[in-house]
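In the working numbering, the protein residues as written are 239 to 636. Positions of the beta carbon are idealized from the N, C-alpha and C atoms, including for glycine. One structure is given below, encoded as structure tokens.
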């Protein structure tokens, strides 16, 4: 449950959204199982959704995380390969050398723009460029060739009213890569400037998507597939490109679910049903639920509380009724407090319930699960504990 935990807020009478929500089925899971709190990476570290999920499924983010770009690229359907350099991209609006809007007026139809870039800029000096649109103003870029380096900066100024940042090499070996990427952006601007969609937008008084902002650069990492690492046949269920990309990079099957949007309007029940279906042939399903994090970033207390009550709780009820001989783990990848509107390093609640699980005295799922039998664990502890509870662990020693 992405970003579901938080800190007390005056908007909920000094409670967190989990504490304020009426969620009997989530609480039932805690009552039937063992609970605790978890530092997704380590105490005090503010995790990204990418680094935290890598940790939760058994990968050391300090060794495997190179940047968000590779996961976003895989998530939009690009077949990334080890050694590729990948970026997250924004379609943006530039005027007189200054970024006017980092999201080009929140443009949401960019397929034709991406197609033109793809058709007109396939390679530069033998370096291949693979560009694909994502949702809204977003896109992904993969750069493939010999001698490339990810040790370069992006171009996103983070705020409007500033020029794009110059793409710079962080090491001497990366200077050629920085130059080639800069040339790609220049050529992309030429394509976008003359594109009929942007000309039409300008005539209507709408902001043209006439430049690209690159960020989240990273090299596609070499990772051991999850089947080999943990011995589990696994599936990722998510409505977000990032999580789909993580699943693909580490070798999980990724399924699309009707109505899964990665937002508060997502059909969580459909995702729960698909999780049960997948468990007929899989050992492990990661069911990712995003909407609570979105409400946390917005500081919207009522929506976060509503999302827990009306979206997550019924789905948990369905899971509890339809999963036999299965370990159900409820947790978060990080906290997104309503008062902060961003990720924090606070530990997250975690509960495990299923056959053979020890029961403690916890009877509700919220930030006070630290009193439970799991005590305080780190994200890297999660999969070993799950493997042990389900009798999949090997003995260490004689």
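Pick from the options that is closest to residue i, judged by C-alpha positions
i	options	result
residue 555	380, 599, 268, 264	264
residue 425	359, 510, 389	359
residue 631	489, 559, 469	469
residue 615	391, 242, 274, 254	274
residue 590	405, 396, 564, 583	564
residue 436	447, 550, 427	447
residue 239	515, 626, 539, 524	524
residue 522	528, 513, 610	513
residue 503	527, 491, 493	527
residue 282	573, 626, 628	573
residue 392	384, 539, 420, 276	420
residue 417	307, 388, 395	388
residue 192	450, 428, 369	The structure shown has nothing for residue 192, since the chain only spans 239 to 636.
residue 506	562, 553, 340	553
residue 399	611, 339, 601, 578	339
residue 241	538, 624, 601, 633	538
residue 401	471, 629, 330, 536	330
residue 278	629, 438, 621	621
residue 625	566, 577, 609, 579	566
residue 324	304, 375, 489	304
residue 423	511, 394, 444, 321	394
residue 322	306, 498, 577, 559	306
residue 535	579, 608, 551	579
residue 474	499, 629, 491	491
residue 461	318, 385, 254	318
residue 551	466, 592, 509	509
residue 364	376, 375, 384	384
Nearest-angstrom beta carbon gap, residue j and residue i [assumed within contact, 8 Å]
i	j	result
residue 352	residue 366	Between residue 366 and residue 352 the Cβ distance is about 16 Å, and since that is not below 8 Å, they are no contact.
residue 484	residue 463	Actually they do not touch by this definition, with Cβ atoms about 13 Å apart.
residue 613	residue 255	Wrong, their Cβ atoms sit about 24 Å apart, outside the cutoff.
Minimum Cβ-Cβ distance from residue i to chain B less than 7 Å
i	result
residue 358	Absent from the structure is chain B; it holds one protein chain and no more.
Cross-strand partners of residue i (DSSP beta bridge)
i	result
residue 493	475
residue 614	275
residue 324	380, 456
residue 330	449
residue 371	377
residue 569	588
residue 337	332
residue 366	361, 382
residue 522	472
residue 253	247
Per-residue burial, residue i [other beta carbons within 10 Å of its own, 16 or more giving buried]
i	result
residue 315	exposed
residue 328	buried
residue 251	exposed
residue 432	exposed
residue 570	buried
residue 336	exposed
residue 280	exposed
residue 344	exposed
residue 243	buried
residue 516	buried
residue 519	exposed
residue 442	exposed
residue 248	exposed
residue 486	buried
residue 361	exposed
residue 601	exposed
residue 531	buried
residue 533	buried
residue 434	exposed
residue 472	buried
Three-pair Cβ contact test at 8 Å for the segment 265-273 versus the segment 589-599: Yes, the segment 265-273 touches the segment 589-599.
Touching or not, the segment 341-359 and the segment 400-411, by the rule of three or more beta carbon pairs under 8 Å? no
At least three beta-carbon pairs within less than 8 Å, the segment 440-454 to the segment 473-490: Of all C-beta pairs linking the segment 440-454 to the segment 473-490, fewer than three are shorter than 8 Å, placing the two stretches out of contact.
Indicate whether the contact test is met: 3 or more Cβ pairs, each with one atom in the segment 376-395 and one in the segment 302-312, closer than 8 Å. yes
Looking at C-beta atoms only, is the number of pairs between the segment 334-351 and the segment 291-305 that lie closer than 8 Å three or more? The segment 334-351 is not in contact with the segment 291-305.
Three or more C-beta pairs closer than 8 Å, one from the segment 572-585 and one from the segment 296-308: is that the case here? Touching, no.
Should the segment 251-260 be called in touch with the segment 529-545, which here means at least 3 C-beta pairs below 8 Å? yes
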